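The structure appears below as structure tokens.
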Amino acid sequence: MLLFDWDVHHGNGTQAIFEEDPRVLYMSLHRFTDDGSFFPGTGDADDVGEGDGEGFSVNVPWRDRGLGAEDYQAAFEHVLMPIARSFAPELVLVSAGFDAAIGDPIGGMKLSPAAYAHMTSELLGLADSKMVVTLEGGYRPDAVALCAEAVVRSLLGEKVPPPKVRKHCKASTADTLERVAEVQRQYWPCLREAGAKERLQEFLDRTRQQAQSDSNNSNSGSADTCGVSVQASVGDSTVSSRPGTMPKRGGGHAQSAVVARGGGLSRMGPVADMPSPWGARRARSQPPNMAA
539 MLLFDWDVHH GNGTQAIFEE DPRVLYMSLH RFTDDGSFFP GTGDADDVGE
589 GDGEGFSVNV PWRDRGLGAE DYQAAFEHVL MPIARSFAPE LVLVSAGFDA
639 AIGDPIGGMK LSPAAYAHMT SELLGLADSK MVVTLEGGYR PDAVALCAEA
689 VVRSLLGEKV PPPKVRKHCK ASTADTLERV AEVQRQYWPC LREAGAKERL
739 QEFLDRTRQQ AQSDSNNSNS GSADTCGVSV QASVGDSTVS SRPGTMPKRG
789 GGHAQSAVVA RGGGLSRMGP VADMPSPWGA RRARSQPPNM AA
């Protein structure tokens with residue numbers, strides 16, 4: 539079984555249950571800080587399992603916030619899917635937390651509904667599409683609803699358009715994937731193949747060169763848009779990216795999203811273009827004010 543965890547927090551309890559079992563491949567993409575300040579503070583790249591299960595835990599510890607579809611896609615392409623295909627699971631179980639969604643006040647990431655649909659589509663290519671998706675966390679109810687709907691649409695076989703992406707990944711993403719691949723090569727021959735190593739190195743070089751070029755050409759400082767309020771139409775609802783706001787409901791129709799600025803799933807996508815409300819003025823441990 540492949541147990542795939544895309545919740546923004548490391549699934550330390552889940553990994554602890556299976557970390558000695560070679561029949562279960564555990565994979566997790568999550569935020570991580572060396573000082574342990576982002577909960578739970580576990581799941582570094584060298585946390586690979588124990589005993590007979592050594593090498594069957596694959597952790598991708600993001601050391602940056604604001605990562606989006608392009609960063610997750612790179613992890614899928616260069617590390618996760620090659621290992622998953624080599625493992626050849628008979629069942630895929632997804633721990634589907636949506637706190638890495640754009641607009642979530644805790645996760646601080648920028649995954650759109652289309653990004654979650656795309657990850658689901660990728661995983662459906664394993665285990666003859668035998669997949670169980672279990673809903674976990676998420677601190678922005680309207681974003682959770684949109685992302686969960688996108689995943690269900692993908693499970694039902696709806697065509698998944700590619701999510702909107704930045705020009706390139708962040709430099710920190712290159713650093714993380716280089717380290718994860720280095721650790722996992724000792725367990726997975728697919729990562730030691732010449733072609734795989736060349737493709738990864740090309741990605742690393744390109745990403746770092748582009749990041750350096752952006753840094754050299756930037757005169758305006760950070761392009762972070764934290765705290766900016768943006769509204770988009772969601773069926774008969776209005777969703778604001780400002781933390782602590784809830785959709786204004788109209789009639790009781792089934793929710794369907796209207797693409798505000800292109801991209802996203804069919805009848806979905808407004809969250810894809812929202813800037814993150816993550817900001818220093820909001821305490822990291824505080825959920826949004828749902829009473830607002």
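Last residue of the sequence shown: number 830 in the numbering used here, and the count goes up by one each step with no gaps.
Built from N, CA and C at the ideal position, the CB exists for glycine as well.
Owing to the predicted nature of the structure, the values given are computational and were not obtained by experimental measurement.
| Item | Value |
| --- | --- |
| Cβ contact check for the region 699-719 and the region 607-626: 3 or more pairs under 8 angstroms | yes |
| Cα-Cα separation, V703 to M539 | 31 angstroms |
| Span of the beta strand (DSSP E) around R603 | Unbroken run through R603: none, as it is neither H nor E. |
| Cβ separation of G581 and S566, assumed to be a contact under 8 angstroms, to the nearest whole Å | 6 angstroms |
| S650 versus P699 - alpha carbon distance | 12 angstroms |
| Residue burial classification, K697 (beta-carbon count within 10 angstroms, cutoff 16) | exposed |
| Identified DSSP bridge partners for D543 | S566 and S633 |
| Span of the alpha helix (DSSP H), counted from its first residue to its last, around L738 | A732 to N755 |
| Cβ contact (3+ pairs, closer than 8 angstroms) linking the region 669-689 and the region 725-737 | no |
| For T658, the first and last residue of its enclosing alpha helix (DSSP H) | P651 to L661 |
| Cβ-Cβ separation, G646 to R678 (assumed contact under 8 angstroms), whole Å | Not confirmed; about 12 angstroms, so no contact. |
| Cα-Cα separation between D559 and V596, rounded to whole angstroms | 13 angstroms |
| Beta-carbon gap between R723 and R730 smaller than 8 angstroms | yes |
| Residues that L673 bridges to, as DSSP identifies them | A634 |
| Cβ shell of N550 (< 7 angstroms), same chain only, five flanking positions each side left out | P578, T580 and G581 |
| A665 versus F636, M657, L694 and F625, residue with shortest Cα-Cα distance | F625 |
| Presumed contact (8 angstroms Cβ cut-off) between C707 and E608, rounded CB distance | 5 angstroms |
| Member of G591, A655 and I644 whose CA lies at the smallest distance from the CA of P553 | First, the residue type needs correcting, since residue 553 is Gln and not Pro in the sequence shown. Closest by alpha carbon: G591. |
| The ligand GTP heavy atom lying under 7 angstroms from the CB of M647 | This structure does not include the ligand GTP; it has no bound ligands of any sort. |
| Rounded Cβ spacing between Q750 and K705 (contact assumed at less than 8 angstroms) | The Cβ separation is near 13 angstroms, so there is no contact. |
| Test item: CB-CB of V546 and A638 under 8 angstroms | yes |
| Ranges of the alpha helix (DSSP H) found wholly within the region 661-724, counting only runs of at least 4 | 679-693 and 709-722 |
| Enclosing alpha helix (DSSP H) for A639 [first to last residue] | From DSSP, A639 is part of no alpha helix (DSSP H); its letter is neither H nor E. |
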